[in-house]
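Enquirer: Numbers 17 to 189, taken from our numbering, label the letters of the sequence shown in order. After the structure tokens below, expect a handful of questions from me.
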Amino acid sequence: GRMGYITSNTWLDVSFGEALKQFFLDHFKIVAIIEHDAGVFEKAVVDTCVVILEKAEGAALKKEREQNTVKFIRIKKPTDIRDLLKLIEEATKDYENEKIRLILRKQSKLEVEEKWGNYLRAPKVYYEIIQSPIMTKLGKITKVRRGYTTGAEEFFYLDADKIRLWGIEKDYY
17 GRMGYITSNT
27 WLDVSFGEAL
37 KQFFLDHFKI
47 VAIIEHDAGV
57 FEKAVVDTCV
67 VILEKAEGAA
77 LKKEREQNTV
87 KFIRIKKPTD
97 IRDLLKLIEE
107 ATKDYENEKI
117 RLILRKQSKL
127 EVEEKWGNYL
137 RAPKVYYEII
147 QSPIMTKLGK
157 ITKVRRGYTT
167 GAEEFFYLDA
177 DKIRLWGIEK
187 DYY
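Written as structure tokens, this is what we have:
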């Protein structure tokens, strides 16, 4: 069967969403992930996305999941639902017009650590860069980690009073 899942879109880009991504990759063919530029749900206070999944559980269906093409769809302007459904069912290549952008990715190429929201929101040049054979993700050649956090924002971020008190020239703040 198929399932539609409406949720906040934050899980696409943050570490707490990695377990959900892994669950989807292991148990479903991800048919589509759809995001809207304008709020579709009037009373929602968070940005949302719609995920359409098709059950494909177990080792026997692993190859089927890996061969699946995920459709990342960004709806930029109101679109007829029939056009959207046709795009989901029939798309075979990336597509963009003034209303919709569609990016296709093999499910086997999706990594839980990557920001899936990039497929919905990043500019076209982003895809050209990441698909270049001369590009390598920094994490593949070195360990990437966040630097130290001091918590001393008042030292690093100056307000107008401190700038005047210390006579800091405009070119330096």
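Yeah, the Cβ is synthetic: ideal placement off N, Cα and C, and Gly gets one too.
1. Look at residue 17 and residue 68 and say whether their C-beta atoms are less than 8 Å apart.
2. Strictly by DSSP, which residues pair up with residue 120?
3. Look at the Cβ atom of residue 87, then the Cβ atom of residue 48, and state whether they are nearer than 8 Å.
4. By how many angstroms is the C-alpha of residue 129 removed from the C-alpha of residue 151?
5. Mind pulling the beta strand (DSSP E) runs of 3 or more residues that sit fully within the stretch 88-159?
6. If you reduce the DSSP assignment to three classes, tell me which class residue 71 lands in.
7. Excluding the 5 residues flanking residue 119 on each side, which residues of the same chain have their C-beta closer than 6 Å to its C-beta?
8. Using only alpha-carbon positions, find the residue among 137, 77, 183, 79 that is nearest to residue 65.
9. What is the DSSP secondary structure of residue 48, counted as helix, strand or coil?
10. Could you have a look at residue 22 and say whether DSSP puts it in helix, strand or coil?
11. Inspect the beta-carbon positions of residue 117 and residue 161 and report whether they are closer than 8 Å.
12. Which residue's Cα is closest to the Cα of residue 74: 106, 35, 41?
13. Could you tell me the alpha carbon to alpha carbon distance between residue 178 and residue 164, rounded to whole angstroms?
14. Which residue's Cα is closest to the Cα of residue 115: 35, 32, 51?
15. Assuming residue 84 contacts residue 45 under a Cβ cut-off of 8 Å, what Cβ separation, rounded to an integer in Å, is found between them?
16. Using the C-alpha atoms, what's the distance from residue 94 back to residue 113?
Expert: If we stick to the structure as given:
1. The Cβ atoms of residue 17 and residue 68 do not sit closer than 8 Å to each other.
2. The partner list for residue 120 (beta bridge, DSSP) reads 87.
3. It is a contact, given that the beta carbons lie within the stated cut-off.
4. Approximately 18 Å between the Cα atoms of the pair.
5. Considered as a whole, the stretch 88-159 harbours 116-122 as its complete beta strand (DSSP E) runs of no fewer than 3 residues, in chain order.
6. Residue 71 sits in a strand when the DSSP states are folded into three classes.
7. Cβ within range, chain order: 88, 110, 135.
8. By alpha-carbon distance to residue 65, the top candidate from 137, 77, 183, 79 is 137.
9. In the structure shown, residue 48 sits in a strand (DSSP, three-state: E or B).
10. Assigned with DSSP and collapsed to three states, residue 22 falls in strand.
11. In this structure, residue 117 sits away from residue 161, with a CB-CB distance that is not shorter than 8 Å.
12. Relative to residue 74, the option among 106, 35, 41 whose CA is nearest is 41.
13. Their Cα atoms are separated by approximately 25 Å.
14. Across the set 35, 32, 51, the C-alpha of 51 shows the shortest separation from the C-alpha of residue 115.
15. About 4 Å separates the two Cβ atoms, so the contact holds.
16. The straight-line gap from Cα to Cα measures roughly 12 Å.
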